[in-house]
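Novice: In this text, residue positions in the sequence shown follow the numbering used here: the first is 1248, and each later residue adds one.
The beta-carbon is built from N, C-alpha and C at its ideal position, and this holds for glycine as well.
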Amino acid sequence: MTHFGNWWVDAIDESGIEDWQEAMAHENAAATVNGWHRVLRLVLDRAVREKLLTHNPARAVSALPEPRTGGKRGTALEAEGFRQYIGAAMALSGQGVSPDIVRHILMLAWTGMRMGESLALRFEDDVDNELHIERSVWHRHEKATKTDDPRRVTVVQPLREILDEQRRWLIATQHPGLCSGLVFPARPQSAKTGMARRGVDEVSWYRAHSVLNKPMAKVAEKAGLNPISPHSLRRTFEDLLRNAGVEQLVRRAVAGWRSEKAQSIYANVNRTDRDAAADAFVKLVGVGGGP
């Protein structure tokens, strides 16, 4: 938290935290600022335990009020749309979209991972047919996941084929990014260009967050669907698990949401849900059709 990076810990008081909240709220959503506030509380809790502080000033400052989510909800695919999207991605592999980029897209579809989590995924995270999702990447810097809650995602057969094919491709091409252990390292040329642009001597093999933007637009167009983003696939993952009857607690654990409130933001009432509700209503009242 660079705002407090040059402060002595015992110089941080309630008024300083309130000023920080106000400054951060000018450029960030209240939910984001509150997330940072929670981190600060935990940091200063440790300072209290180590007797560096007599009390935690962050706990004396209230969180910012969070408005209801506004605007349109993101796109989420129903089962048929998901199948169309997967089929279109596979059809474009090597035909306008690099095969390893297609595999990256498909992995997001089969796991519901956040984009940053997928960029940080290493082959060592594939353990006992589960992906151990424990880190993320932002601006080529590794960090904890958004909720700092490690989780496990089962490797289903289509995903197993994707991971195995990606490993074979990296070895067959002797990709220089093999040394990083990343499942989806950046293209060598992109990594070198990024190194020169940043003026550093060490190559970063992390892909940019925007690397899938244009390819995913091509896949959606090929499938005849509205634009799809990594977050759209995350919404799709939640909806299809729910339609499949997976219990809410399990969905939350697999997708990595900390609360029901966070999970509900990704919920989308689709045609399957509406038809099921209508059928349940008719079955309950037990009334026939017309006169």
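Kindly give me the distance between the Cβ atoms of Val1458 and Ile1352, rounded to whole angstroms, as I take these residues to be in contact under 8 Å.
Specialist: Looking up residue 1458 in the sequence shown gives position 211. Looking up residue 1352 in the sequence shown gives position 105. Their Cβ separation, rounded to whole angstroms, is 10 Å, which puts Val1458 and Ile1352 out of contact at 8 Å.
Novice: Should Asn1253 be labelled buried (16 or more other beta-carbon atoms within 10 Å of its own) or exposed?
Specialist: For the purposes of this step, residue 1253 is taken as the residue at position 6 of the sequence shown. So Asn1253 ends up on the exposed side.
Novice: In the region 1419–1450, which residue ranges form an unbroken alpha helix (DSSP H) of at least 4 residues, counting only runs that do not cross its ends?
Specialist: Whole alpha helix (DSSP H) segments, 4+ residues: 1435–1445.
Novice: Of all the alpha helix (DSSP H) runs that stay within the bounds of the region 1357–1407, which reach a length of 4 or more residues?
Specialist: Listed in chain order, they are 1362–1367.
Novice: Below 6 Å CB to CB, which residues in the same chain sit around Arg1521 once its five sequence neighbours on both sides are set aside?
Specialist: Taking the first residue of the sequence shown as position 1, residue 1521 is located at position 274. Once the five neighbours on either side are set aside, Arg1521 has no close Cβ partner at all.
Novice: Can you name, in chain order, every residue of its own chain whose Cβ lies under 8 Å from the Cβ of Leu1425, other than the five neighbours on each side?
Specialist: On the sequence shown, position 178 is the one that residue 1425 refers to. Result list for Leu1425: Leu1417, Ile1418 and Pro1432, in chain order.
Novice: Pick from His1386, Val1384 and Arg1398: whose alpha carbon is nearest that of Glu1377?
Specialist: Position 130 of the sequence shown, counted from the start, is the residue given in the question as residue 1377. Residue Arg1398 is the option with its Cα nearest to Glu1377.
Novice: Is it buried or exposed, Phe1528, if we count other Cβ atoms within 10 angstroms and call 16 or more buried?
Specialist: Indexing the sequence shown from 1 puts residue 1528 at position 281. Counting Cβ neighbours within 10 Å, Phe1528 comes out exposed, since fewer than 16 surround it.
Novice: Taking Asp1372 as the reference, which of Ala1500, Val1400, Arg1285 and Leu1355 has the closest Cα?
Specialist: For the purposes of this step, residue 1372 is taken as the residue at position 125 of the sequence shown. If we check each option's Cα against that of Asp1372, Val1400 comes out closest.
Novice: For Asp1411 and Ala1278, I'd like the C-alpha separation in whole angstroms.
Specialist: For this step, residue 1411 is matched to residue 164 along the sequence shown. For this step, residue 1278 is matched to residue 31 along the sequence shown. Taking the straight line joining both Cα atoms gives about 38 Å.
Novice: Which word fits Ala1258, buried or exposed, when buried means at least 16 other C-beta atoms lie within 10 angstroms of its C-beta?
Specialist: Residue mapping note: residue 1258 aligns to position 11 of the sequence shown, counting from 1. That one is exposed.
Novice: If contacts are defined as beta-carbon pairs under 8 Å, then Leu1287 and Val1256 qualify, I think. What distance do you get, rounded to the angstrom?
Specialist: Your numbering for residue 1287 matches position 40 in the sequence shown. Your numbering for residue 1256 matches position 9 in the sequence shown. No, Leu1287 and Val1256 are not in contact; Cβ-Cβ is about 11 Å, not under 8 Å.
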